[in-house]
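Student: For the sequence shown, our numbering gives the first residue as 185, with consecutive numbering after it.
I have a structure here, written as C-alpha cells, and I will follow up with some questions on it.
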Amino acid sequence: MELSLHRLRMLRELSRRGTVTAAAASLHYTASAVSQQLAQLERDVGAKLFERFGRRVQLTELGLLLTEHAEEILGSVERATLALEEAQETVSVRLMAGVWASVASGLLPHALAALAGEHPGIQVRTRELAPEDTADAVRDGELDLSFVIDYSDAPMPWDAGLERAVIAVERLHAAVPAGAVPAGSASLLELAEHPWILASPKSHFGRAVRTACHRHGFEPKINHEVEEQSTAMAMVRAGLGVTLVSDLGLGLRPPGIDVVALTTPLLRTVSIAYRTTSSRRPALQLVIEAVRDAAAALGLGTEPALP
Numbered sequence: 185m186e187l188s189l190h191r192l193r194m195l196r197e198l199s200r201r202g203t204v205t206a207a208a209a210s211l212h213y214t215a216s217a218v219s220q221q222l223a224q225l226e227r228d229v230g231a232k233l234f235e236r237f238g239r240r241v242q243l244t245e246l247g248l249l250l251t252e253h254a255e256e257i258l259g260s261v262e263r264a265t266l267a268l269e270e271a272q273e274t275v276s277v278r279l280m281a282g283v284w285a286s287v288a289s290g291l292l293p294h295a296l297a298a299l300a301g302e303h304p305g306i307q308v309r310t311r312e313l314a315p316e317d318t319a320d321a322v323r324d325g326e327l328d329l330s331f332v333i334d335y336s337d338a339p340m341p342w343d344a345g346l347e348r349a350v351i352a353v354e355r356l357h358a359a360v361p362a363g364a365v366p367a368g369s370a371s372l373l374e375l376a377e378h379p380w381i382l383a384s385p386k387s388h389f390g391r392a393v394r395t396a397c398h399r400h401g402f403e404p405k406i407n408h409e410v411e412e413q414s415t416a417m418a419m420v421r422a423g424l425g426v427t428l429v430s431d432l433g434l435g436l437r438p439p440g441i442d443v444v445a446l447t448t449p450l451l452r453t454v455s456i457a458y459r460t461t462s463s464r465r466p467a468l469q470l471v472i473e474a475v476r477d478a479a480a481a482l483g484l485g486t487e488p489a490l491p
C-alpha cells in the first residue's frame with residue numbers, strides 16, 4: 185500500500201470540515217477534484233473510508249483510524265522539513281503566505297526585495313485572503329504563515345496551536361471628502377452626523393469599527409458596505425460618506441480626499457501567524473525579520489495593541 189501525502193491532506197481536511205465542498209474550498213480545489221482524489225485513496229487502501237449522509241460526510245472507523253495516522257504522518261513531514269532546513273548551511277525553501285491588499289502593497293514589495301537580495305534561496309509565494317480567514321489557513325496547513333490583525337476594540341480569538349510575531353502597530357484615520365472636516369483632527373463622535381462607508385459586520389474590520397463607534401456613543405449610519413479600503417476611499421472621493429483607513433491603507437488612497445487624525449487613537453496590531461511547530465524554521469524567522477524591517481522603514485513601531 186502506497187499512501188499519497190496529497191490525499192492524506194484531503195482526508196484530514198474532510199474530517200475537519202464535514203463536507204467535500206467545504207474541504208475543497210479550504211484547499212482551493214473543486215469539489216469534484218477532491219471527490220476523485222478521495223475515491224482514489226479508498227482504492228489505494230482497499231476499504232471504504234467515509235459515507236455520505238446528504239451533503240455531509242461521516243468517516244468510517246477505518247477512515248477515522250487513517251485520519252489519526254494522517255495527522256502524525258503530516259506532522260512528521262513538517263518536522264523533517266524543519267530538520268533539513270536547520271542542517272543546511274544555506275537556507276533554500278519555498279513558503280506560502282496569506283496576505284490582504286494593504287499588506288501586499290504596503291509591506292511585501294520592500295520586504296521581499298530585501299529578502300531576495302540577502303537570501304535568494306527563500307521563495308515566498310502569496311495568496312490573498314480575507315484577514316479573518318488567514319489564521320485558520322495556517323492552522324490547517326494550507327499556508328506556512330499569514331498576516332493577522334488585532335484591533336484595540338476587538339482582539340481576535342487565538343488558536344493555541346499558533347504563535348504570532350508582531351510586525352507593526354497601525355493607527356486608524358478618518359478618510360473624508362475634501363473640506364468636509366475643516367479641522368485637522370476629529371473624534372469619532374464628531375463624525376457621527378456623516379454617512380459612513382464601512383465593511384460588513386462579518387469582517388473583523390467592520391466589527392471593530394462598529395464597536396469603537398458604540399463605545400463613543402453612536403450607531404454609524406452606514407449607506408454603503410464595501411470590504412476593500414481602496415474601494416471605500418474611492419467612494420469617499422465621490423462624496424458618498426466617510427470611512428476609516430489604516431496607516432498601510434493610506435498608500436492606496438486616491439487624490440481628492442482628506443485624511444483626518446482621530447483625537448482618541450484607534451490602533452490595530454499587524455502580526456505574522458505561524459504554527460508553533462514551525463517556530464524554529466530559519467526561513468520563517470528570516471521572512472519575519474524582513475517584513476519587520478520594512479514596517480520600521482515606514483515608521484511603524486511594534487508595541488502591540490493587544491489587551
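Heads up, the beta-carbon is just placed ideally off N, CA and C, and yes, glycines get one too.
In this text, all values refer to a predicted model and were calculated from it rather than measured experimentally.
Helix or strand or just coil, what does DSSP make of Arg464?
Tutor: Arg464: coil per DSSP, three-state reduction.
Student: Just to confirm my understanding: we take Asp442, look at its own chain, exclude 5 residues before and 5 after, and list those with CB closer than 8 Å. What are they?
Tutor: Contacts found: Ala359, Val360, Pro361, Ala362, Gly363, Ala364, Val365.
Student: By the three-class DSSP mapping on this structure, what secondary structure does Phe237 have?
Tutor: Phe237: strand per DSSP, three-state reduction.
Student: With a threshold of 8 Å on Cβ separation, who are the neighbours of Val287 within its own chain once the five nearest residues in sequence on each side are excluded?
Tutor: Here the set comprises Phe331, Leu432, Val454.
Student: Can you list, in chain order, the residues of its chain with a C-beta nearer than 7 Å to that of Leu192? Leave out the 5 residues immediately preceding and following it.
Tutor: Around Leu192: Ala254, Ile257, Leu258.
Student: Just to confirm my understanding: we take Gly423, look at its own chain, exclude 5 residues before and 5 after, and list those with CB closer than 7 Å. What are they?
Tutor: Within the same chain, Gly423 has close Cβ partners Pro361.
Student: What residue does the beta strand (DSSP E) around Pro379 start on, and which one ends it?
Tutor: 379 to 382 is the span of the beta strand (DSSP E), which, as asked, contains Pro379.
Student: Can you give, in chain order, each stretch of the alpha helix (DSSP H) that sits fully within the region 362 to 433 and has at least 4 residues?
Tutor: Listed in chain order, the complete alpha helix (DSSP H) runs (minimum 4 residues) inside the region 362 to 433 are 388 to 399, 413 to 421.
Student: Which stretch, first to last residue, makes up the beta strand (DSSP E) that contains Asp334?
Tutor: Unbroken beta strand (DSSP E) run through Asp334: 329 to 335.
Student: If distances are taken between C-alpha atoms only, which option among Thr461, Ser199, Leu484 comes closest to Ala264?
Tutor: The shortest Cα separation from Ala264 among Thr461, Ser199, Leu484 belongs to Thr461.
Student: What are the complete alpha helix (DSSP H) segments, minimum 4 residues, inside the region 197 to 256?
Tutor: Listed in chain order, they are 204 to 211, 215 to 229.
Student: Restricting to Cα atoms, I'd like to know which of Arg323, Ala267, Thr415 is closest to Glu197.
Tutor: Checked all of Arg323, Ala267, Thr415; the closest Cα to Glu197 is Arg323.
Student: Between the alpha carbons of Val426 and Leu434, how many angstroms are there, rounded?
Tutor: Computed Cα separation, rounded: 14 Å.
Student: What first and last residue would you give for the beta strand (DSSP E) that runs through Arg278?
Tutor: Arg278 -> beta strand (DSSP E) spans 277 to 283.
Student: Cutting at 7 Å between CB atoms, please list the residues of its own chain near Val444, excluding the five before and the five after it.
Tutor: The residues are His357, Ala358, Val360, Val365, Gly368, Ser369, Ala370.
Student: For Gln469, which residues does DSSP report across the bridge?
Tutor: Its beta-bridge partners do not exist; DSSP assigns none.
Student: To the nearest angstrom, how far is it from the Cα of Leu468 to the Cα of Leu299?
Tutor: Approximately 11 Å, taken between the alpha carbons.
Student: Please classify His212 as buried or exposed, where buried requires at least 16 other C-beta atoms within 10 Å of its C-beta.
Tutor: Burial call: exposed.
Student: With three or more C-beta pairs closer than 8 Å as the rule, is the region 229 to 246 touching the region 333 to 353?
Tutor: Judged by Cβ distances under 8 Å, the region 333 to 353 makes no contact with the region 229 to 246, as fewer than three pairs qualify.
Student: Whose C-beta lies closer than 7 Å to the C-beta of Ala479 among residues of the same chain, with five residues either side of it excluded?
Tutor: If we look at Ala479 and ignore the five residues flanking it on each side, its Cβ neighbours are Leu291, Ile351, Ala352.
Student: Using the Cα positions of Thr486 and Ile333, report the straight-line distance between them to the nearest angstrom.
Tutor: Thr486 and Ile333: Cα-Cα distance of roughly 13 Å.
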